[in-house]
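One structure is given below, encoded as structure tokens.
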Amino acid sequence: MGCAAGRPYPDIFVNAVDYIILIGTLLGIAAYAIWGTKGRQDLKTYLKGSGTTGWLTIGLSVMATQASAVTFLSTPGQGYESGLGFVQNYFGAPLALIVIAAVFVPIYRGLKVYTAYEYLGHRFDPKTRLLGAGFFLLQRGIGAGLTIYAPAIVLSTVMGWRLDATIVCSGLLVVVYTVAGGCDAVNLTQKYQIGIIFAGMIAAFFVLLAKLPAGLTFTDSLALAGGFHKLEAVDFSLNVDRRYTLWTGVLGGMFLALSYFGTDQSQVQRYLSGTSLRESRLGLMFNAVFKIPMQFFILLLGVLIFVFYQFERAPVIFDRAAWNYQVAHGSGARLHALEGDFDRAHAEERQQLQSWLEARHSGNRTAEAAARAASAAAHDRAEAARTETGRVLRAGNPRTANDADYVFITFILDHLPHGLIGLLVTSFFAAALSSKAGELNALGSTTTVDIYRHLVKRDGDDAHYVAASKWFTALWGLLAIAFALFANLSENLIQAVNILGSVFYGVVLGIFLVAFFLKRVGGTAVFWSALAAQALVFALRLTNISYLWYIVIGCAACIAFSMILQAAIGSGKPGAAPAAP
Amino acid sequence: MTTPPDDERTGLPGLRSWGRVYWLVFWIFVAWVALLAALTRIYS
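Quick mapping for you: the protein sequence lines, in order, are chains D and F.
If you use the numbering used here, the first sequence corresponds to residues -13 to 567, in order.
If you use the numbering used here, the second sequence corresponds to residues 26 to 69, in order.
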């Protein structure tokens, strides 16, 4: 089973054990969530949980909502291609989480709001609340489609499943248990899902270490990776054209994390479900401590896969479906010629690396340096053939995905034992479901509280709003599935998700910072300033400025415009002071 | 000296105020960046 004729990876065999682990685990967790949250019909419990959630569950839930399948599927590919530099993207997260725990959470909890945007209504006016909720629904609605589409396209390709069936089945499963159980079901499932994810990633790491060539120690692996610039984790460069540096990471990453963890309802809902302020804060501090090491570990996994493939026969391209498609559609001769170039260069590189290893162990520095230089030259030739292959594939089919997204799953299917393959594939689906559940839960809550209850029906009872929330959650789930069925991506998946967030997050964060800290600015000034700042961010997409700066610029523009406009229109009706916790 | 409300208690040994918790988390962050910078320097 799992090896249908005509599939792109005919040499890969996923057996019954793998399928039992995959289907049994996913259905088991979903059934447990539905059973464990049965009969909860009041709005507060449905949207904010039963109020008994401890800090560890909150911490894991916050982590699971952020770390989607893309994180675990695509990030090792980033490590393989570009090394550890991407970890800098997360440098701002601990600082942002401290600010959120100290300032944001006490205000949200003090006002007993269901959504972050409800606070904007308290502080400014209904139109600013609707603007904040609207930005969230627009951005997260698209994002929810991506969180289904991104893993589905990779997993369906390598497993030989139909893409549409993969999207629909995984999408419907998460819709069913999120609609049935609400916030508590999301928290409950995320705890177990993140446990499965960590188990899978740690198991893959140790199997990878065991599969490195005999005689190649962990230190040798690091030295080899360093020689190919894969261990450049921190870049102090001030060049704004570089996507990941210490400065973009700390400043841009901090603004990204501030807006995501502090104003995105999919995260706010997680920590507002805590028993007390203490539990919410400790849940956030858990993430502040473990976010960077977690991302480092996942990237290091990719770097070690790179080392592994320096001694193994590596494919010229990991996306074999794209390769097979172009071979069958007229580019076969060109692609096989490039594959020949790649194989020759890669074989020479392997030979030189063996010489390098022997010289290193014998302490012969001269021979070590010579072998290293020769291996680097061969590596450059192999990479040139690989790059050209990718270009030929994209020229023939622009829908060809980024090859880095296929690195980790190809390694898993080619080199891991059965059972572990099932566990890893389960991990990817668990990650997809956990982040998707958090998003749907937030989309349903925001639509119910900030749109429906606020604009359409103000006098309903709890049962009515719970029913409405279930319908809206289901509707967003179906929209996300529909979006995923028509999606098309060329960026690396994890970067696509981050870029989408960066376009809207800065302005939303600006609105919240004005609300918290600029007491004299009122709703009208911040509303029009936010729209102007958003137009500015759209214009930045036409420049070469790294997307991490969009948030800083969007936020700063929103704050500056608000102050100028408020000064221009006079004191008028400034917003109410922020509520004390 | 007044007793802080329950929500103000951290419940962590040796870290009686939230300010201390935040400083500890901040220094853990600095330590991570320093370790990664050292890794970069050693293997570049």
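Here a beta-carbon is modelled for each residue, glycine too, at the ideal position from N, C-alpha and C.
{"query": "Test item: CB-CB of Ile7(D) and Thr412(D) under 9 Å", "result": "yes"}
{"query": "Backbone CA spacing between Val99(D) and Phe121(D) [nearest angstrom]", "result": "18 Å"}
{"query": "C-alpha gap between Gly69(D) and Thr352(D), whole angstroms", "result": "27 Å"}
{"query": "Chain D within 9 Å of Arg41(F), Cβ atoms only", "result": "no"}
{"query": "Expected contact under 8 Å - CB spacing of Gly168(D) and Leu33(D) to nearest Å", "result": "7 Å"}
{"query": "The stretch 84 to 93 of chain D contacting the stretch 2 to 21 of chain D, beta-carbon criterion three pairs below 8 Å", "result": "no"}
{"query": "Bridge partner(s) assigned by DSSP for Leu37(F)", "result": "Leu40(F)"}
{"query": "Any chain F beta carbon closer than 9 Å to Asp391(D)", "result": "no"}
{"query": "Beta carbon proximity, Arg45(F) to chain D, threshold 9 Å", "result": "no"}
{"query": "Coil, strand or helix - Thr510(D) by DSSP", "result": "helix"}
{"query": "Under 9 Å by beta carbon: chain D residues contacting Ala62(F)", "result": "Ala219, Val220, Phe222, Leu232"}
{"query": "Range covered by the alpha helix (DSSP H) that runs through Ala130(D)", "result": "112 to 145"}
{"query": "Bridge partners - Thr39(D), DSSP secondary structure assignment", "result": "Gly260(D)"}
{"query": "For Ala209(D), the nearest candidate out of Arg229(D), Leu290(D), Ala171(D) (CA to CA)", "result": "Leu290(D)"}
{"query": "C-beta neighbour in chain F for Leu263(D), strict 9 Å", "result": "yes"}
{"query": "Ser348(D) burial status per 10 Å Cβ neighbour count (16 or more: buried)", "result": "exposed"}
{"query": "Whole-angstrom C-beta distance between Gly239(D) and Gly40(D), which should lie under 8 Å", "result": "So it is not a contact: roughly 28 Å between Cβ atoms."}
{"query": "Limits of the unbroken alpha helix (DSSP H) element including Tyr392(D)", "result": "It is not in any alpha helix (DSSP H) - Tyr392(D) carries neither H nor E in the DSSP assignment."}
{"query": "Reduced DSSP category for Tyr230(D) - H, G, I as helix; E, B as strand; rest coil", "result": "coil"}
{"query": "Whole-Å CB distance - Trp233(D) paired with Leu224(D), under 8 Å assumed", "result": "7 Å"}
{"query": "Cβ contact check for the stretch 297 to 306 of chain D and the stretch 359 to 367 of chain D: 3 or more pairs under 8 Å", "result": "no"}
{"query": "Among Leu409(D), Trp147(D), Phe276(D), the one whose alpha carbon lies nearest that of Asp4(D)", "result": "Leu409(D)"}
{"query": "Where Asn225(D) falls: helix, strand or coil (DSSP)", "result": "coil"}
{"query": "Test: Phe241(D) CB closer than 9 Å to a CB of chain F", "result": "no"}
{"query": "Buried or exposed (CB count within 10 angstroms, at least 16 for buried), Phe490(D)", "result": "buried"}
{"query": "Span of the alpha helix (DSSP H), counted from its first residue to its last, around Glu298(D)", "result": "That residue, Glu298(D), is in no alpha helix (DSSP H); it is neither H nor E in DSSP."}
{"query": "Beta-carbon spacing of Gly127(D), Phe414(D) below 9 Å", "result": "no"}
{"query": "Within-9 Å CB hit, Met49(D) to chain F", "result": "no"}
{"query": "Inter-residue spacing [alpha-carbon to alpha-carbon] between Cys155(D) and Phe547(D)", "result": "46 Å"}
{"query": "Rounded C-alpha distance that separates Ser69(F) from Arg229(D)", "result": "19 Å"}
{"query": "Exposure of Val442(D), with buried meaning 16 or more beta-carbon neighbours within 10 Å", "result": "exposed"}
{"query": "Given Ile153(D) as reference, the closest of Pro137(D), Ser207(D), Val165(D) once Cα atoms are compared", "result": "Pro137(D)"}
{"query": "Pro403(D), buried or exposed, once every other Cβ within 10 Å from all chains shown has been counted against 16", "result": "exposed"}
{"query": "Contacting residues, own chain, Cβ-Cβ under 7 Å from Gly37(D) (five flanking each side not counted)", "result": "Thr261"}
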